[in-house]
Amino acid sequence: MSKKISVIVPVYNVEKYLSRCLDSLVNQTYSNLEIIIVNDGTKDKSMVIAERFAQKDPRIKIIHQENAGLSEARNKGLQYITGDYVAFLDSDDWLEKDAYAYMLRLLEDYGADICVGAIRRTAQPLPFENSQKPKENLLTQKAYAKKYFKIGSQSIEYYVWNKLYKRQVVEGIRYPKGFYAEDVPTTFRYILKAQKIIVTDKIVYHYFSNEQGLTAQFSSKHFDVLKGWDIVLAEARKTGSPDYIAWAEINRQRADFALLTEISLSPQFNSLKVSFKKEIETLSQQLKQNKSALLRAPLPFNRKLLIRLYASHYFFFASLINRLTKIKSVVKK
2 MSKKISVIVP VYNVEKYLSR CLDSLVNQTY SNLEIIIVND GTKDKSMVIA ERFAQKDPRI
62 KIIHQENAGL SEARNKGLQY ITGDYVAFLD SDDWLEKDAY AYMLRLLEDY GADICVGAIR
122 RTAQPLPFEN SQKPKENLLT QKAYAKKYFK IGSQSIEYYV WNKLYKRQVV EGIRYPKGFY
182 AEDVPTTFRY ILKAQKIIVT DKIVYHYFSN EQGLTAQFSS KHFDVLKGWD IVLAEARKTG
242 SPDYIAWAEI NRQRADFALL TEISLSPQFN SLKVSFKKEI ETLSQQLKQN KSALLRAPLP
302 FNRKLLIRLY ASHYFFFASL INRLTKIKSV VKK
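Residue numbers (this note's numbering): 2 to 334.
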C-alpha cells in the first residue's frame, strides 16, 4: 500500500446521506487514502458528521469554502491532493468495500492511466453482492473516446466519480465554474491526457437515485449541458483529430435532441413548454437543421424515429408522447 489515493468529497446539505458515504470510504480495504472533504458552505448538520469522522480518522482533512457549487468544490479539493492517484466521491453515494483496492490493482497491472468501474443505480441502500467474475478490457485513448462519444455504444461515460486516475491525468485541469453537467467537458479533458484506459464491469460505485436531487426535476440548469458539449467540441477541434471533431459535432447535435426528449418525458411537461417556450423553439429549430446528420449517425431506430417526429412538429408529438407516458405509468400502478 505504498501508493496513496486522494479522494475528494464535496459536501453540501447531505446530512441524511453523509455517514453512509464516509463509512464506505473509511472502511475501504485499501487504507492508504487521503480523504479531502470540501465543505461547500453547507447549511445543515453535515459538518457535524464530517467532524465526527475526522476526529476518529487522521486520514481526513476538511476544507471550507463559501457555497460556490460542485465544480468549485472539486477544484478546491484538487488544490490539496498529495496522492499518487485521485478519485472523486459524491457525498450521497457510496463505494463497494474493495473499490479502490481493485481499481488500483487494475491500473498497475495494465499500466493504465484511468480505471473505469461499473455503477449501480439505486434508491434503496440494500445489501449487494458482486458474485460474477468481472470482465476487464484495456482500451486506447481513441477507443475509449469512441465510447465516451457513444459511437457504437449507448453507455454513459462522462461521469467522473466511478473512476480512479493517475494524478498526472487530473493535474492542471479545472472543472468549469458555475454550471450543471460539469463532468461532460472535464472527463473529455481527462481522456485526452490518458493513453491507456482499463474498463471493468465490476460494480465499484453505488449511485443514489435521489428524488430530491438536482437531476430529479427539469430546471433551467439542465440547459447547461449544451455549454458542456460546446466546450468538448472546442477541445476536440484543438486536437486536430478528424474523428474527435466529427464525434463531438454529432454529440453537440444530439444534446439538443436529448433535452427535447427529457422535456417531453417530464411530468411537468405542460408547465415546462410554457416556461421554456423560447428555449424549446430554438432547440427544435436546431434539430430541424441537424436532422439529416443525426439520421445518418449510428443511433438506435427508436431515437431516429423521435428525431423525425420532433423535427416535424415538436409540441404536438412531445405532448402526445407525454400523455402516453402518463397512461403507461397509471397502467403499471
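All residues carry an ideal CB built from backbone N, CA and C; glycine is no exception.
Going by C-alpha distance, which of the options is nearest residue i?
i	options	result
T240	K148, Q142, R297	Q142
Y86	V170, R309, Y191, E263	V170
P135	D184, V117, P128	V117
S221	A237, Y245, Y206, I264	I264
E183	Y103, L127, R75	R75
N33	A146, K4, L273	K4
Q155	V161, W162, K147	K147
A119	I36, P126, N163	N163
I341	I9, V15, T43	The displayed coordinates of the chain run from 2 to 334. Any statement about residue 341 would go beyond what the structure contains.
L248	D231, L261, L260, T262	Looking at the sequence itself, residue 248 is Trp, so the reference to Leu does not match. Nearest of D231, L261, L260, T262 to W248, Cα basis: D231.
L19	Q56, D91, D58	D91
N252	Y181, P299, N271, K289	P299
E172	F180, G179, T187	T187
How is residue i classed by DSSP in three states: helix, strand or coil?
i	result
R1	Only positions 2 to 334 of the chain appear in this structure, which leaves residue 1 out of reach.
L215	Its pLDDT being 46, under 50, L215 is placed unreliably in this model, and the value from its coordinates should be taken loosely. Correct three-state label for L215: coil.
E35	strand
V15	coil
T30	coil
T43	coil
G118	strand
Y145	helix
F209	strand
L96	strand
For residue i, list the residues DSSP reports as bridge partners.
i	result
V87	S7, Y166
E137	T201
K62	I37
T188	According to DSSP, T188 bridges with nothing at all.
Check the C-beta distance from residue i over to residue j and give it rounded, since I have them as a contact under 8 angstroms.
i	j	result
H65	T123	The Cβ separation is near 31 angstroms, so there is no contact.
E97	N138	E97 to N138, Cβ: 19 angstroms. No contact.
S72	Y159	With 8 angstroms as the limit, S72 and Y159 do not qualify as a contact, their Cβ atoms being about 14 angstroms apart.
D94	F209	5 angstroms
L165	L234	Contact doesn't hold; Cβ gap of about 27 angstroms is too wide.
F189	Y149	7 angstroms
K88	I6	One point to set straight first is that residue 88 is Ala, not Lys, in the sequence displayed. With a Cβ gap of about 6 angstroms, A88 and I6 count as contacting.
V205	Y111	Going by Cβ atoms, the distance from V205 to Y111 rounds to 16 angstroms, so no, they are not a contact pair.
I37	Y81	5 angstroms
Sequence ranges, beta strand (DSSP E) only - wholly within the region 248–310, length at least 3 = You should have found no qualifying run.
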